[in-house]
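Residue numbers (the working numbering), protein chains in the order written: chain A, 222 to 678; chain B, 222 to 678.
Some notes on the structure that comes next.
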């Protein structure tokens, strides 16, 4: 009953589909962020659900941790093998199994990435809406309940996963949900697995909602004299019920980083990035309603991107935000914070955070999905400087306290992984214990992504 | 450790707040439908969360079932005390605790009904969108994952509950969710309790999403030469992405029942009932787009209700549908079926059901939330006639088989209760067992609404 015994059995099962090569272990032991590397003892590359089930059974029998892996773009150390074991890399499960244009649904394997699905859908007039920036695997996006720029209009993964196939900790294969748009047939297991970060089961297939591509799309950027003015515009927009497809905040430092990283030339002031979806008439109507609101807060000129290639360039720039931020300070690690608050408390949440950042010994550009009340400060920390690390921790703790005080959450979309474990008790109280009870019931051996999300004694 | 011992302790705790009066037991032992009465041994009327927690602790200690009760309007026997015990009636927990107009949220106690909340919101410009027809309690609506006519636009209770306070089987009080619009902080316990029908915990408070009242609303009815033509119109409408706030099917027999029950005078043909929400311009645009689609399927003249009182009369008529149906055959019990299928399979699902009903020994009018692929046939059965009861069971079984064969669910919105228990294994396979494991973990004594949703050995 050792990890080594599991690996020996897996080698027989998978042949080439199991690697213990140093390079593979290293790649799967890294994260996008500041956490210490934590490599698995082996990496499995299954090609089918049945293989995943066999892998899990072997690991269960040998008490080996099993860590699911999509593209490794998560931001809280979700896929680090903190207790060793076997990482299950879904990159060989990349089939778009079926697309039902008439039902606005599709069925995919977990290794398909967001952009791969987009390419597959190009001729159908349909789109998959959830867009976290990174070209993440859809299985990982479901596991971490990803959201991003379009959630304000189309919802998060919670809203866009209709059903799942999941391999449980004992190797059982179950299916949750149906292809119908709604159901009240018992516990919502789909919603339970979405956001469970691989700790309750391994997602081996997803049924996703699709949306018709809007007839008309208009994107725009506009500057504001202050972050407060931009945020107040967002609050007024959401409260007026103006349907926005995207509404993103950039502070002046973010704009500076974009100009430098993407070669753009925007005035280095706070901006909102916007997108409207609908019919030609409704897009024009809503853009005008927004402009009327923004004028009250002294918005600058609107830079409108109507051509698809211009829009793509705009959003690529936004998607590269984390990389643009980290490029501001070569050698520094980016710590992306992620609080989300009720929209009425957004202005004070951002203002208090700016005050903290003004005193910090490192730069901390802010951007975010402000239509949801969600924003990120990227703390650009020299991780070899203990003073900076301590200051970053302090800012993180103050952000968490702020989010909870204002009625929000310590993580709007990045998830818990182990990076946010420290705040779970405070956010959930006894409900965190209930999560632990569910974990124990469904994974009594604690083999599935152990050390993440819940604490199991 | 008996129910009697629990009642003695509860009497001390609650005084007048506990009833064993025959009339109270009888009322709480009935359901809206054909199930045999099943009265509790006592009814508790708590006035606070703390009282609910004490009630559950006493019942847990004495191994007494605990059955939550909102308004008793559920349709699958959810609130029948099939194993006796104590029914917890939330009618004395009716506070709208706070409304946050600026965040589009409110916090309510579970006994507040849908219409009571509507009255409370009247001056705010906001609305709560979920509308199952009956004036149900919001706690019950969450527990059964209710939806109804507006789900096609605003979603079901799954989409409109942001957070809950729940009393667990051991009396612990937990809070799930936050007031932020999204979160990825661990397992989605809110979604787990929504639709758990009181089997995992008792909901003692809800944080709900509100929506701005649309600037413009237009309702309309239009006839079709056949149910197939009406359904094909719905499919084309949904696939074209025309934003409908409601889109409801009535077959000819339903229209006849409405004319008779509500004193209206519609042609006794299949109809669609529609509602559009938006700005004046977008409502007009979408109504025109819909009319263009409907014309292809030979729709009749549009009867437009623009005045609020006319719209209210229209939807009251629809809301009374179940009662109008049952009035078609005095003395008969109405069995409301509830399948939901992918929209592309709706036409065949309805057509096959009509074939079955044509051969049935009783009338079976059809109506439904067809924009979601969800429809109801009300089987008007003489429950004293064994032949009719057998035919009704056969039709129900064929509907279930049909729903699953077409990729849908046996219950779109009514829930499982014990009326749909027979189909759970077929719909969920091994996932039903996983639901049972969660139930055992969170309610090891099986005291919370036992005999519903899951099977616990």
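Glycine included, each C-beta is placed from N, C-alpha and C at the ideal position.
Small disclaimer: the values here were computed from a predicted structure and weren't measured.
Return the residues of the stretch 556-576 of chain A that lie within a Cβ-Cβ distance of less than 7 Å from chain B, sorted by chain order.
561, 562, 563, 564 and 565
Sorted by chain position, which residues of the same chain lie with C-beta nearer than 8 Å to residue 653 of chain A's C-beta, five sequence neighbours on each side aside?
645, 646, 675 and 676
Whole beta strand (DSSP E) runs in the stretch 366-418 of chain A with 3 or more residues, listed along the chain?
Here the runs fully enclosed are 382-388 and 394-398.
Can residue 521 of chain A and residue 444 of chain A be called in contact, C-beta distance under 8 Å?
With a cutoff of 8 Å on beta-carbon distance, residue 521 of chain A and residue 444 of chain A are scored as near each other.
Determine the contact status of residue 535 of chain A and residue 511 of chain A, defining contact as a CB-CB distance below 8 Å.
no
Is there contact here, the stretch 403-418 of chain A with the stretch 564-575 of chain B, by at least three beta-carbon pairs under 8 Å?
no
Check each residue of the stretch 633-666 of chain A: if its Cβ is closer than 9 Å to any Cβ of chain B, include it; give the result in chain order.
633, 634, 635, 636, 637, 641, 644, 645, 648, 649, 650, 651, 652, 653, 654, 655, 656, 658, 659, 660, 661, 662 and 663
Using a threshold of 8 Å, state whether the C-beta atoms of residue 322 of chain B and residue 360 of chain B are closer than that.
The Cβ atoms of residue 322 of chain B and residue 360 of chain B lie no closer than 8 Å to each other.
With distances taken Cα to Cα, identify the nearest neighbour of residue 419 of chain B among B:259, B:498, B:289 and B:240.
B:289
Proximity test, Cβ basis, 8 Å: residue 460 of chain B and chain A
yes
Along chain B, in chain order, which residues have C-beta atoms closer than 9 Å to that of residue 711 of chain A?
Look at the range of chain A in this structure, 222 to 678, and you will see that residue 711 of chain A is not part of it.
What's the gap between the Cα of residue 584 of chain B and the Cα of residue 546 of chain B?
9 Å
Applying the 10 Å Cβ sphere with the 16-neighbour rule, what's the burial state of residue 346 of chain B?
exposed
Where does residue 441 of chain A sit, in a helix, a strand or coil, going by DSSP?
strand
For a contact defined as C-beta to C-beta under 9 Å, what are the partners of residue 362 of chain B on chain A?
Simply none; closest approach about 11 Å.
Would a check of beta-carbon distances place residue 389 of chain B closer than 8 Å to chain A?
yes
Where does residue 249 of chain B sit, in a helix, a strand or coil, going by DSSP?
DSSP places residue 249 of chain B in coil when its eight states are reduced to three.
Residue range of the beta strand (DSSP E) that residue 423 of chain B falls in?
423-430
Opening and closing residue of the beta strand (DSSP E) in which residue 305 of chain A lies
Careful: residue 305 of chain A lies outside any beta strand (DSSP E) and carries neither H nor E.
Taking 8 Å as the threshold (C-beta atoms), are residue 383 of chain B and residue 430 of chain B in contact?
yes
List, in chain order, every chain B residue whose beta-carbon is nearer than 7 Å to that of residue 594 of chain A.
Going along chain B in sequence order, the residues near residue 594 of chain A (Cβ under 7 Å) are 401 and 402.
Is there at least one Cβ from chain B nearer than 8 Å to residue 167 of chain A's Cβ?
Residue 167 of chain A lies beyond the stretch modelled for chain A, which goes from 222 to 678, so this question has no answer here.
For the candidate residues A:350, A:377 and A:519, whose alpha-carbon lies nearest to that of residue 365 of chain A?
A:377
Got a sec? Which residues, its chain only, sit under 8 Å from residue 415 of chain A by beta carbon, not counting five neighbours each side?
363, 364, 366, 378, 379, 382 and 385
Under the three-state reduction of DSSP, which class applies to residue 670 of chain A: helix, strand or coil?
coil
Neighbouring residues, chain A, relative to residue 321 of chain B (Cβ below 8 Å)
Ordered by position in chain A, the residues that pass the 8 Å Cβ test against residue 321 of chain B are 563 and 565.
For residue 366 of chain B, go through chain A and note every residue whose CB falls closer than 7 Å to its CB, in chain order.
405
Taking beta-carbon pairs under 9 Å, can you tell me which members of the stretch 532-545 of chain B lie near chain A?
Of all residues in the stretch 532-545 of chain B, none comes within less than 9 Å of chain A when Cβ atoms are compared.
Might you give, ordered along the chain, the residues of its own chain that have their beta carbon closer than 7 Å to the beta carbon of residue 661 of chain A, omitting 5 neighbours on each side?
A distance below 7 Å between beta-carbons, with the five flanking residues on each side excluded, links residue 661 of chain A to the following residues of its chain, in chain order: 677.
Rounded to whole angstroms, what's the CA-CA distance from residue 704 of chain B to residue 437 of chain B? Just pull it up for me.
Any question about residue 704 of chain B goes unanswered here, given that chain B covers just 222 to 678.
Neighbour flag for residue 626 of chain B against chain A, beta carbons, 8 Å:
No, residue 626 of chain B does not count as interfacial toward chain A.
For residue 264 of chain A, report the span of its beta strand (DSSP E) as first-last.
Element bounds for residue 264 of chain A: 263-265.
Would you please verify whether the beta carbon of residue 410 of chain B is less than 8 Å from any beta carbon of chain A?
yes
Does the beta carbon of residue 453 of chain A come closer than 8 Å to any beta carbon on chain B?
Chain B, which has no Cβ nearer than 8 Å to the Cβ of residue 453 of chain A, makes this no.
DSSP three-state label for residue 575 of chain A, please.
helix
Listing by chain order, which chain B residues have their CB less than 9 Å from the CB of residue 372 of chain A?
402 and 403
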